[in-house]
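K.L.:
In my numbering, the protein residues as written are 21 to 146. Think of the CB as a built atom: it goes at the ideal place given N, C-alpha and C, for glycine as much as any other residue. Quick caveat: nothing in here was measured; it's all calculated off a predicted structure. Sharing a structure below in structure tokens format, with a few things to ask.
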């Protein structure tokens, strides 16, 4: 149902460096840029995730963002890219049976403190 979502960030350059790395692990890339790189749209075929500077005054509010991964290897690649980019680890990759038996996810914090997740809903292949 969701076509796209955007989050406000305190430092667009730092957030772009983070999302460039972690979204590449999931097949995403920058597809749109404006305002000298302060507004960026990421996706696979069209921008579905956007970052831009805080425009409402005050600080950015925490959000939980879950990005779809095609398989568990992609979740692990996302996690590695995030850690390599300096992300705070919230939860290492694992199965979360309290959600459903095949829910495999990893959670980190982005430069603005958002809870960013990669999740795969496909059962582990033998």
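Assess contact between the region 78-85 and the region 96-109, defined as three or more Cβ pairs (one per stretch) separated by less than 8 Å. Is contact present?
P.N.:
At 8 Å Cβ cutoff, the stretches do not touch.
K.L.:
Put residue 129 into one of helix, strand or coil per three-state DSSP.
P.N.:
Of the three classes helix, strand and coil, the one that applies to residue 129 here is strand, per DSSP.
K.L.:
Would you tell me roughly how many angstroms separate the C-alpha atoms of residue 93 and residue 144, rounded to the nearest one?
P.N.:
Taking the straight line from one Cα to the other gives about 10 Å.
K.L.:
Would you mind reading off the limits of the alpha helix (DSSP H) that contains residue 35?
P.N.:
Segment 32-44, the alpha helix (DSSP H) holding residue 35.
K.L.:
Does the distance from the CB of residue 61 to the CB of residue 51 come in under 7 Å?
P.N.:
Yes, these two residues count as a Cβ contact at 7 Å.
K.L.:
Based on the DSSP secondary-structure assignment, which residues constitute the bridge partners of residue 28?
P.N.:
Answer is 72.
K.L.:
By Cβ distance below 6 Å, which residues in the same chain neighbour residue 38 in space, the five residues on each side in sequence not counted?
P.N.:
So the qualifying residues of the chain are 105, 130 and 131.
K.L.:
Report yes if the C-beta distance between residue 136 and residue 124 is below 7 Å; otherwise report no.
P.N.:
The answer is no: Cβ separation not under 7 Å.
K.L.:
Should residue 90 go down as buried or exposed, given a rule of 16 or more other Cβ atoms within 10 Å for buried?
P.N.:
That one is exposed.
K.L.:
Find out if the Cβ-Cβ distance for the pair residue 113, residue 126 is shorter than 7 Å.
P.N.:
Their beta carbons are under 7 Å apart, which means residue 113 touches residue 126 by this criterion.
K.L.:
Taking residue 72 and residue 29 to be in contact with their CB atoms under 8 Å, please state how far apart those CB atoms are, rounded to whole angstroms.
P.N.:
Residue 72 to residue 29, Cβ: 7 Å. Contact.
K.L.:
Given this structure, state the Cα-to-Cα distance separating residue 24 from residue 65, to the nearest angstrom.
P.N.:
The alpha-carbon atoms of residue 24 and residue 65 are separated by roughly 12 Å.
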